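Asker:
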Amino acid sequence: MSFNIAIDGPAGAGKSTIAKRVSKELGFIYVDTGAMYRAIAVYMMQNQIDIHDDAAVQKACSKISISIAYSDDGEQQVILNGENVTGLIRTEEVSKMASVTSANPAVRATLLDLQRDLAAKEDVLMDGRDIGTNILPHAQLKIYLTASVETRAKRRFLEQQEKGDTHTLEEIEEEIRDRDQRDMSREIAPLRQAEDAILVDSSDLSIDEVVERIKECYREVK
Ligand code: C5P
């Protein structure tokens with residue numbers, strides 16, 4: 020049986036940085052589910068789908084095929100209808116769009132089987148919002164990784180600045196608060212800590228410390 024690690028938490032908690040490091044050090048395959056929601060958001064934007072029209076979103080989903088692949092350097096690539104869209108998914112606009120469209124049942128249904136199938140075959144470390152609560156309720160290790168809104172906004176701001184993004188710290192903090200609110204209050208698979216998840220607050224911890232903490236948790240359950 021494959022070993023599954025689920026890491027959930029709000030935007031900017033450092034999930035992907037931490038998850039990449041932990042999976043590499045433990046020899047797990049890293050699956051970033053947020054990238055899949057982002058790819059669907061790109062489709063909705065490119066095709067000017069009215070995301071508030073449920074029937075239109077459902078129809079669009081029936082035309083969407085998502086898969087993932089890994090580049091030579093081990094980075095996850097997300098493929099939307101045969102096209103690698105990895106380079107398009109990390110903008111503030113796509114972040115916002117993904118958090119709106121991910122509340123739609125048809126969008127979530129499009130990704131459910133893909134995510135479960137990936138985890139059934141191999142030892143995967145999967146990160147997202149509903150992995151421990153909904154996608155992999157039997158994951159052997161569940162982590163809920165969070166940090167204060169201020170810390171998360173600052174981290175995201177520095178990250179985006181390096182990419183030449185011009186959003187201010189205040190704008191990013193507001194966007195994160197909005198995203199938390201949408202992700203936590205939606206009806207289907209809202210973001211919350213699974214009952215059997217271990218809470219890790221990274222506000223005052225370095226990346227190394229968080230990685231070490233999760234590896235310790237793994238050693239305890241494996
Ligand atoms: O993790 P990331 O910021 O890339 O996720 C983008 C958006 O995708 C989130 O704000 C959330 O709305 C959605 N998402 C989700 N369920 C997941 C992963 C991401 O709803 N498992």
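Going from the sequence shown to our numbering is simple: count from 1 and add 19. Yeah, the Cβ is synthetic: ideal placement off N, Cα and C, and Gly gets one too. Treat the numbers as computed from the prediction; the structure is a model and nothing was measured.
What are the uninterrupted segments assigned as beta strand (DSSP E) that are 3 or more residues long and contained completely in the stretch 179 to 219, given in chain order?
Answerer: Complete beta strand (DSSP E) runs here, min 3: none at all.
Asker: Classify D223 as helix, strand or coil using the three-state DSSP reduction.
Answerer: Coil, per DSSP.
Asker: Ignore the nearest five residues each way along the sequence and tell me which others in T172's own chain have a CB closer than 7 Å to its CB.
Answerer: It is worth fixing the name first, because residue 172 is Ala in this sequence and not Thr. Answer for A172: G31, L188, I191, E192 and I195, listed in chain order.
Asker: In chain order, what residues of the same chain lie with their CB nearer than 6 Å to the CB of P209, ignoring the 5 residues before and after it?
Answerer: Taken in chain order, the residues that qualify are M203.
Asker: State the CB to CB distance for the pair A158 and I37, rounded to an integer number of angstroms; the pair is presumed to be in contact (CB under 8 Å).
Answerer: No, A158 and I37 are not in contact; Cβ-Cβ is about 16 Å, not under 8 Å.
Asker: Return the CA-CA distance between A74 and V126, expressed in angstroms with no decimal places.
Answerer: Approximately 12 Å, taken between the alpha carbons.
Asker: List the endpoints of the continuous alpha helix (DSSP H) containing V61.
Answerer: Per DSSP, V61 belongs to the alpha helix (DSSP H) from T52 to Q65.
Asker: Tell me the residue span of the beta strand (DSSP E) that contains K161.
Answerer: K161 -> beta strand (DSSP E) spans L160 to T165.
Asker: State the DSSP-derived secondary structure class of M20, mapped to helix, strand or coil.
Answerer: DSSP places M20 in coil when its eight states are reduced to three.
Asker: Which partner residues does V119 have in the DSSP bridge list?
Answerer: Per DSSP, none; premise fails for V119.
Asker: For a test of your reading of the model: does the CB of I150 fall under 7 Å from any non-hydrogen atom of the ligand C5P? Yes or no.
Answerer: Flag set: Cβ of I150 near the ligand C5P.
Asker: Taking 7 Å as the cut-off, does the CB of Y244 come closer than this to any heavy atom belonging to the ligand C5P?
Answerer: Because the chain is modelled from 20 through 241, residue 244 falls outside the range shown and cannot be assessed.
Asker: Alpha carbon to alpha carbon, what distance is there between A213 and D151?
Answerer: What sits at residue 151 in the sequence shown is Gly, not Asp. Straight-line Cα distance between these residues: approximately 6 Å.
Asker: Would the stretch 81 to 98 and the stretch 111 to 122 be scored as touching if the rule is three or more Cβ pairs under 8 Å?
Answerer: Taking 8 Å as the limit for Cβ pairs, the verdict is that the stretch 111 to 122 does not touch the stretch 81 to 98.
Asker: Could you give the distance in angstroms between the alpha-carbon of A58 and the alpha-carbon of E228?
Answerer: Roughly 31 Å between the two C-alpha positions.
Asker: Give me whichever residues DSSP pairs with V143 in a beta bridge.
Answerer: N23 and I48.
Asker: Work out the CA separation of D72 and G46 for me, nearest whole Å.
Answerer: Near 42 Å, if we compare the C-alpha coordinates of D72 and G46.
Asker: For A88 and V168, what's the separation of their Cα atoms in angstroms?
Answerer: In a straight line, the C-alpha of A88 is about 32 Å away from that of V168.
Asker: Look at D184 and E111 and say whether their C-beta atoms are less than 8 Å apart.
Answerer: In this structure, E111 lies closer than 8 Å to D184 by Cβ.
Asker: Decide if V143 is buried, meaning its Cβ has at least 16 other Cβ atoms within 10 Å, or exposed.
Answerer: By the 10 Å Cβ count, V143 comes out buried.
Asker: For the ligand C5P, any of its heavy atoms closer than 7 Å to the Cβ of D202?
Answerer: Correct: D202 has its Cβ closer than 7 Å to the ligand C5P.
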